[in-house]
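Visitor: Just so you know, the protein sequences line up as chains Y and P, in that order. Counted the way our numbering counts, the first sequence spans residues 5 to 229. Counted the way our numbering counts, the second sequence spans residues 12 to 142. Dumping the structure here so I can ask a few things about it.
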Amino acid sequence: MCEAYDRAPLLVLMGLLTFMAAVLPNLSFAADPPDFSGAWDSETWSTVGWPTEPPYTPAGRFAQQAYEADPQDDPTQNCIPPVLVHQISAPFPHEIIQQEHRVTFLYENFHQVRRVWLDGRDHPEDAYPTLMGHSIGWWEGDTLVVDTRSVEAGYMRPQGLPHTESLHLIERYTLLDDGERKQLVITIDDPEYYREPWSVTKTYIRFNEDILDYDCVPRLHLPGK
Amino acid sequence: MSCRIFQVILTLCLGISVPAFAHHSFLAHYDEDTSTRIEGVVTEVWYQNPHARVYVEVTNNDGETEIWETETYPRNILIRRGWRHDDLSVGDDVVITGRQARNGGNRLQIITIIRPSDGWEGVGFSVDSID
Numbered sequence: 005m006c007e008a009y010d011r012a013p014l015l016v017l018m019g020l021l022t023f024m025a026a027v028l029p030n031l032s033f034a035a036d037p038p039d040f041s042g043a044w045d046s047e048t049w050s051t052v053g054w055p056t057e058p059p060y061t062p063a064g065r066f067a068q069q070a071y072e073a074d075p076q077d078d079p080t081q082n083c084i085p086p087v088l089v090h091q092i093s094a095p096f097p098h099e100i101i102q103q104e105h106r107v108t109f110l111y112e113n114f115h116q117v118r119r120v121w122l123d124g125r126d127h128p129e130d131a132y133p134t135l136m137g138h139s140i141g142w143w144e145g146d147t148l149v150v151d152t153r154s155v156e157a158g159y160m161r162p163q164g165l166p167h168t169e170s171l172h173l174i175e176r177y178t179l180l181d182d183g184e185r186k187q188l189v190i191t192i193d194d195p196e197y198y199r200e201p202w203s204v205t206k207t208y209i210r211f212n213e214d215i216l217d218y219d220c221v222p223r224l225h226l227p228g229k
Numbered sequence: 012m013s014c015r016i017f018q019v020i021l022t023l024c025l026g027i028s029v030p031a032f033a034h035h036s037f038l039a040h041y042d043e044d045t046s047t048r049i050e051g052v053v054t055e056v057w058y059q060n061p062h063a064r065v066y067v068e069v070t071n072n073d074g075e076t077e078i079w080e081t082e083t084y085p086r087n088i089l090i091r092r093g094w095r096h097d098d099l100s101v102g103d104d105v106v107i108t109g110r111q112a113r114n115g116g117n118r119l120q121i122i123t124i125i126r127p128s129d130g131w132e133g134v135g136f137s138v139d140s141i142d
C-alpha cells in the first residue's frame, strides 16, 4: 500500500506526459487560422479574368444571348441589388469580420451582408434561393474554403454570364504577401448552363480607407426633368 | 457666350477585341467606336450611385438649345478619386468628350470632363475601360 502511494505522483506524471505527447501535436494543427479581418479592395476590377466564352450548354448560351438582346436587364442599373457572383465581380471594397464560428462579408456595393458559417452545419435542404445564397465554410490549412448554394438565378457580371438556382459555388481564399493581399479562386459549377465547372482568379489588397455608405438612386433617362 | 457643339466621329484603335466586349451593358448603350465632344452649361449634377450624371445645355449647329445627359462612374468611386459633391455647379461651362448613345440620342458616356474657367477636371471612364 505504502509503496503504491509513494509511486502515485510518478504514475500521475507519466500519465500526464503520455497525454501531452498524444494531444500536443494535434493542438499544433489547431493553431489560429490566417486573419482575413478588415477592409479589402479588388485589384482587378470587374474587367479582368472573366471568360467571354465559358463552356455554355445550349440553355446557357440561350440565356446569355437573351441578356445581350436586352441589356436593360442589368439589375444594378435600376438599383436592384445583385446576386452573389455579380457582387464579387463588382469594383467596390468590402470588409470582413472573422469569428471562429462565422466569417461575415460586408460589401460596400448595395450594403449587402453575407454570413459564412464555420460551425460545421450543412446547407439546409429546403433553402429558398436568395441573392447571397447559403454559405458554409471550413479551413484547409491556410485556405478558407467557402461553399455556397441556393443563390437566386441571375447574371454574374454586367456583361451577362447567367447562372441558375442550381449554382454550386466554391471560393478559396488565401493570404499573399504577408497578409497584405489575398487571392480568391472562384469555381462556378452550374450543370444547367455550363458543361463543366470553370474558375476565375481575383486578387485583393488591404484597403486603408473607410467603407462608404452606398445610396442607390434610380434615374430614368429624362434629360432636363 | 454662345455654346458650340462639335461632333466628331472617330474610329478609336483601342487595341481590344470588340467581339469580347460587344455585350457589355455600357457598350450596349454607348458606341465605343465614337468620340463626341460637347460644350455647354451645367443644368444639373446627379451625384449618385449606381452612376453619376451631369446634364448640360448645349447649343446645336442650328442655334437651338438641347439638353445632353452625360454619365460617369458611381458616386463612391468619384469620392475616392477626388470629385467632391460640390466641385461642379449648375451654371458652370464645361467641355465633355465621350461615347455617344448608339441610338443617336443626346447621351454620352464621359471620357473627359473639364471646366475651362479654372482647369478643373472631373473623372471620366478610362478610354480602355469597359465598365
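Quick reminder that beta carbons are idealized off the backbone N, C-alpha and C, glycines included.
Any contact between the stretch 107-125 of chain Y and the stretch 56-74 of chain Y? By contact I mean 3 or more CB pairs, one from each, below 8 angstroms.
Guide: no
Visitor: Taking the alpha-carbon positions, what's the V149 of chain Y to W143 of chain Y distance?
Guide: About 6 angstroms.
Visitor: How should Q103 of chain Y be labelled, buried or exposed, when 16 other C-beta atoms within 10 angstroms of its C-beta is the threshold for buried?
Guide: exposed
Visitor: For R125 of chain Y, name the three-state secondary structure that DSSP assigns.
Guide: coil
Visitor: Can you check whether the C-beta of F40 of chain Y is within less than 8 angstroms of a C-beta belonging to chain P?
Guide: no
Visitor: If you draw a straight line from the C-alpha of V107 of chain Y to the C-alpha of L122 of chain Y, how long is it?
Guide: 7 angstroms
Visitor: Identify which residue in Y:N82, Y:H105, Y:N113 has its Cα closest to the Cα of V230 of chain Y.
Guide: The question about residue 230 of chain Y has no answer here: the residues shown for chain Y are numbered 5 through 229.
Visitor: Under the three-state reduction of DSSP, which class applies to N30 of chain Y: helix, strand or coil?
Guide: Confidence at N30 of chain Y is low in this model, with a pLDDT of 47, below 50, so the placement of that residue should be treated as unreliable; the coordinate-derived value is given next. Three-state DSSP puts N30 of chain Y in a helix.
Visitor: If you drop the 5 nearest sequence neighbours on each side, which residues of the same chain put their C-beta closer than 8 angstroms to that of E184 of chain Y?
Guide: I209, R210
Visitor: Which same chain residues, not among the five before or five after V134 of chain P, have their C-beta less than 7 angstroms away from its C-beta?
Guide: T83, Y84, L89, R92, W94
Visitor: Hey, E55 of chain P and V101 of chain P: beta-carbon distance below 8 angstroms or not?
Guide: yes
Visitor: Of all the options Y:I140, Y:S93, Y:I101, which has the alpha carbon lying nearest to the alpha carbon of L188 of chain Y?
Guide: Selected option, being the one with the closest Cα: Y:S93.
Visitor: Does the Cβ of Y197 of chain Y have 16 or more other Cβ atoms within 10 Å, making it buried, or fewer, making it exposed?
Guide: Under this definition Y197 of chain Y is a buried residue.
Visitor: Name the residue from P:H62, P:T123, P:I49, P:F37 whose alpha carbon lies nearest to the alpha carbon of C83 of chain Y.
Guide: For the residues P:H62, P:T123, P:I49, P:F37, the minimum Cα distance to C83 of chain Y belongs to P:H62.
Visitor: Looking at C-alpha atoms only, which residue of Y:L135, Y:N212, Y:P95 is the closest neighbour of R86 of chain P?
Guide: Y:P95
Visitor: Who are H4 of chain Y's beta bridge partners in DSSP?
Guide: With chain Y represented from 5 up to 229, any question about residue 4 of chain Y goes unanswered, as that position is not in the structure.
Visitor: Would you say F66 of chain Y reaches chain B, if we count a Cβ-Cβ gap shorter than 8 angstroms as a contact?
Guide: Among the protein chains in the structure shown, which are Y and P, there is no chain B.
Visitor: Which partner residues does P166 of chain Y have in the DSSP bridge list?
Guide: Y:Y159
Visitor: Rounded to the nearest angstrom, what separates Y40 of chain Y and I100 of chain Y at their Cα positions?
Guide: The sequence given here places Phe at residue 40 of chain Y; Tyr does not occur at that position. When rounded, the distance between both Cα atoms is 7 angstroms.
Visitor: Less than 8 angstroms between the C-beta atoms of I121 of chain P and G109 of chain P, yes or no?
Guide: yes
Visitor: Taking 8 angstroms as the threshold (C-beta atoms), are E80 of chain P and N117 of chain P in contact?
Guide: yes
Visitor: Going along the chain, which residues of its own chain have a beta-carbon closer than 7 angstroms to the beta-carbon of C220 of chain Y, five neighbours each way excluded?
Guide: C83, F114
Visitor: Quick one: does Q116 of chain Y have its CB under 8 angstroms from some CB of chain P?
Guide: no
Visitor: Return the Cβ separation of G164 of chain Y and E72 of chain Y in integer angstroms, given the expectation that the two are a contact with Cβ distance under 8 angstroms.
Guide: 6 angstroms
Visitor: Along chain Y, in chain order, which residues have C-beta atoms closer than 9 angstroms to that of R126 of chain P?
Guide: Result: empty, since nearest Cβ-Cβ is about 20 angstroms, beyond 9 angstroms.
Visitor: Rounded to a whole number of angstroms, what is the C-alpha to C-alpha distance between Y41 of chain P and T47 of chain P?
Guide: 11 angstroms
Visitor: Per DSSP, L173 of chain Y forms a beta bridge with which residues?
Guide: Y:T152, Y:I192
Visitor: Using 8 angstroms as the threshold, is the C-beta distance between W57 of chain P and D98 of chain P below it?
Guide: no
Visitor: Roughly how far, in whole angstroms, is the beta-carbon of V204 of chain Y from the beta-carbon of V155 of chain Y, given that I think they are within contact range, below 8 angstroms?
Guide: Taking C-beta atoms under 8 angstroms as the contact rule, V204 of chain Y and V155 of chain Y fail to qualify, at a distance of about 16 angstroms.
Visitor: List the residues of chain P whose Cβ lies closer than 7 angstroms to the Cβ of E112 of chain Y, in chain order.
Guide: N87
Visitor: Just list the residues that DSSP pairs T47 of chain P with in beta bridges.
Guide: P:G109
Visitor: Of all Cβ atoms in chain Y, is any one closer than 8 angstroms to the Cβ of W94 of chain P?
Guide: Chain Y contact via Cβ: absent.
Visitor: Let me know if G51 of chain P comes out buried or exposed under the rule of 16 or more other beta-carbons within 10 Å of its beta-carbon.
Guide: buried
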